[in-house]
Amino acid sequence: MKRKIAVFASGNGSNFEAIAKACADGKINAEIALCVTDNPGAYVVERAKRFNVPVIKFRPKDYASKKDFETMLLGHLREKGVELICLAGYMRIVGETLLEAYGGRIVNIHPSLLPAFRGADAIGQAMDYGVKIFGVSIHYVDSSLDGGKIIAQAAVEYDGNDRDELESLVHAREHVLYPATVARLVDSLP
Ligand code: GAR
Numbered sequence: 001m002k003r004k005i006a007v008f009a010s011g012n013g014s015n016f017e018a019i020a021k022a023c024a025d026g027k028i029n030a031e032i033a034l035c036v037t038d039n040p041g042a043y044v045v046e047r048a049k050r051f052n053v054p055v056i057k058f059r060p061k062d063y064a065s066k067k068d069f070e071t072m073l074l075g076h077l078r079e080k081g082v083e084l085i086c087l088a089g090y091m092r093i094v095g096e097t098l099l100e101a102y103g104g105r106i107v108n109i110h111p112s113l114l115p116a117f118r119g120a121d122a123i124g125q126a127m128d129y130g131v132k133i134f135g136v137s138i139h140y141v142d143s144s145l146d147g148g149k150i151i152a153q154a155a156v157e158y159d160g161n162d163r164d165e166l167e168s169l170v171h172a173r174e175h176v177l178y179p180a181t182v183a184r185l186v187d188s189l190p
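So for the sequence shown, my numbering puts the first residue at 1; every next one is plus one.
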């Protein structure tokens with residue numbers, strides 16, 4: 001029996017696609033029951049259509065509070081029987097409504113070797129710092145920004161100054177590490 005996961009994304013959705021493909025190929029014993037985006041114009045919506053994954057699009061500013069939109073999301077997640085939430089470029093701190101309902105079952109990917117370079121544009125932050133070993137982290141989500149216990153990490157060595165080249169290297173690593181990690185997490189769901 002396939003497990004049910006949700007993927008939350010705000011932008012391009014390349015990690016969504018990597019997970020969706022791994023589900024379709026049977027490498028993750030799950031189906032993406034829901035794609036959630038806080039950015040209705042995001043490219044992830046097109047990708048979700050291609051994989052026949054239902055999408056919940058919302059605009060946070062249409063809600064009085066984070067609690068209000070997370071309560072709406074929770075309704076959809078429960079209706080679909082979602083067991084694990086994977087944040088994939090969801091550029092928003094998860095609030096207590098979702099954390100209380102899905103505590104320990106929300107994970108995130110971040111393009112740095114955490115705890116270094118939390119927050120937006122981690123790759124740019126690391127480049128500005130002169131870092132030579134970049135990387136990717138997957139971690140449990142708590143109420144902090146890119147905090148929470150680390151589940152998996154991979155290093156990406158790069159000693160150049162071509163931002164596009166570095167980004168492609170980091171993303172390529174993400175697209176391998178995230179599906180493999182989600183596969184493990186799905187297998188360990190109770
Ligand atoms: C990814 O690089 C992910 O690690 C990052 O957003 C990108 C989303 O790309 N997440 C964060 O920075 C979280 N703080 P994608 O939309 O192509 O998957």
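From the three backbone atoms N, C-alpha and C, an ideal C-beta is built for every residue, glycine too. These numbers were taken from a predicted model, which means no experiment stands behind them.
Where the beta strand (DSSP E) containing residue i begins and where it ends
{"i": "Ser137", "result": "133–140"}
{"i": "Ala20", "result": "Premise fails: Ala20 lies in the alpha helix (DSSP H), 14–24, not in any beta strand (DSSP E)."}
{"i": "Lys2", "result": "Unbroken run through Lys2: none, as it is neither H nor E."}
{"i": "Lys49", "result": "Unbroken run through Lys49 is the alpha helix (DSSP H), 44–50; no beta strand (DSSP E)."}
Proximity test, residue i beta-carbon vs the ligand GAR heavy atom, cut-off 7 Å
{"i": "Ala122", "result": "yes"}
{"i": "Pro111", "result": "yes"}
{"i": "Asp146", "result": "yes"}
{"i": "Phe16", "result": "yes"}
{"i": "His171", "result": "yes"}
{"i": "Ala9", "result": "yes"}
{"i": "Val156", "result": "no"}
Distance between beta carbons of residue j and residue i, contact taken as under 8 Å
{"i": "His139", "j": "Ser14", "result": "At roughly 19 Å, the Cβ-Cβ gap does not stay under 8 Å, so His139 and Ser14 are not in contact."}
{"i": "Arg184", "j": "Ala154", "result": "14 Å between Cβ atoms; not a contact."}
Element boundaries [alpha helix (DSSP H), containing residue i]
{"i": "Arg163", "result": "163–187"}
{"i": "Ala9", "result": "Taken as a continuous stretch (DSSP letters only), Ala9 belongs to no alpha helix (DSSP H), as it is neither H nor E."}
{"i": "Leu84", "result": "From DSSP, Leu84 is part of no alpha helix (DSSP H) but of the beta strand (DSSP E) over 84–87."}
Residue i - DSSP class collapsed to helix/strand/coil
{"i": "Val107", "result": "strand"}
{"i": "Lys66", "result": "helix"}
{"i": "Leu145", "result": "coil"}
{"i": "Leu34", "result": "strand"}
{"i": "Arg92", "result": "coil"}
Own chain residues within Cβ distance below 7 Å of residue i, not counting five before or after
{"i": "Glu31", "result": "Lys2, Lys4, Cys23"}
{"i": "Ala152", "result": "Ile138, Leu177, Thr181"}
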